[in-house]
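Here is the structure we will look at.
Residue numbers (our numbering): 37 to 332.
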């Protein structure tokens, strides 16, 4: 069965509008062709991530990830609309398809229940599950040639993932997952546990101190990653600034009130996210400069 490419893109954009609670605020700022391409990238990344987070038994998850890995060898040969759209986007734009393989590697770490001894080990995981997405986005963005750009995109993805980890400590622990490095837990005297209400235990404030420290550390990764912005074209810069701005604002909130992660999943309101997107769009217009890359 042949799938029309435009229909495939429409399916990916529907997935993005429905599922991308934070990224959609940035993606919608792109010109239509790049918005469609980034929606295709998001839809496939989301599929990979959902395998890891789903309810399937471990062996079924491993098999499903192996199927995805095989499909990446020739996505254009598949009738699957998400793969059809990704293959078309990769023909038009310099999307690093190997980054999807890295994402699969990272999700396999989740499926296998890996824990991390040191922060450097955690960075390796974050590079797979989020730095890869940063580099995929860079492949879609309009940008001037810059040999450092992939590294900046990688750092920005790693920054976002650190914020995700801090936001989701309680939820992850309930799902038998721990991402905070053992060295950090020991340094702050934290033994992760949930009380009878399903909230994180923090009788002596050690967890709050650790969360604040980790949010401050993530701030440095944001600063490094945002060095990408000057090389991006106007709409691409706005998209990147909006997506990262939402997470950076959340990171600031976690740093200011680390105790709140004990009993809730912190987030920005829709109005706050929209305000970040508007500021990003205005900022890109004020600082617009010519950029290279494929035509919009």
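Every residue, glycine too, gets a C-beta built ideally from N, C-alpha and C.
Am I right that residue 294 and residue 247 are in contact with their C-beta atoms under 8 Å? What's the rounded C-beta distance? Rounded, the Cβ-Cβ distance is 4 Å, consistent with contact.
Measuring CA to CA, which of 188, 97, 214 and 69 is closest to residue 151? From the listed residues 188, 97, 214 and 69, the smallest Cα separation to residue 151 is found for 214.
How do the segment 78 to 98 and the segment 187 to 200 stand: do at least 3 beta-carbon pairs fall below 8 Å, yes or no? Contact fails between the segment 78 to 98 and the segment 187 to 200, because fewer than three Cβ pairs, one in each stretch, are under 8 Å apart.
Roughly how many whole angstroms lie between the Cα atoms of residue 241 and residue 109? Cα-Cα distance, rounded: 49 Å.
On the CB-based measure, 16 or more other CB atoms within 10 Å of its CB, does residue 181 come out buried or exposed? Exposed: under 16 other Cβ atoms inside 10 Å.
I'd like to know if the segment 258 to 270 and the segment 170 to 185 are in contact, where contact means that at least 3 CB-CB pairs between them fall below 8 Å. With a cut-off of 8 Å, the segment 170 to 185 and the segment 258 to 270 count as touching, because enough Cβ pairs lie within range.
Restricting to Cα atoms, I'd like to know which of 283, 140 and 223 is closest to residue 262. Checked all of 283, 140 and 223; the closest Cα to residue 262 is 283.
Just checking, does the segment 76 to 93 make contact with the segment 139 to 157 on the three C-beta pairs under 8 Å criterion? Per the Cβ contact rule, the segment 76 to 93 is in contact with the segment 139 to 157 (3 or more Cβ pairs under 8 Å).
Strand pairing of residue 92, partner residues [DSSP]: Among the bridge pairs identified by DSSP, residue 92 is matched with none.
Helix, strand or coil: which one does DSSP assign to residue 236? In this structure, residue 236 counts as strand in the three-state DSSP scheme.
Coarse secondary structure for residue 129, derived from DSSP in three states: The three-state secondary structure of residue 129, taken from DSSP, is coil.
As assigned by DSSP and simplified to three states, the class of residue 202: Assignment of residue 202 by DSSP, reduced to helix, strand and coil, places it in the helix class.
What is the DSSP secondary structure of residue 230, counted as helix, strand or coil? Three-state result, residue 230: strand.
Using three-state DSSP, classify residue 80 as helix, strand or coil. Residue state, collapsed to three classes: helix.
Rounded C-beta distance between residue 206 and residue 231? I'm assuming under 8 Å. In this structure residue 206 is not in contact with residue 231, their Cβ atoms being roughly 10 Å apart against a cut-off of 8 Å.
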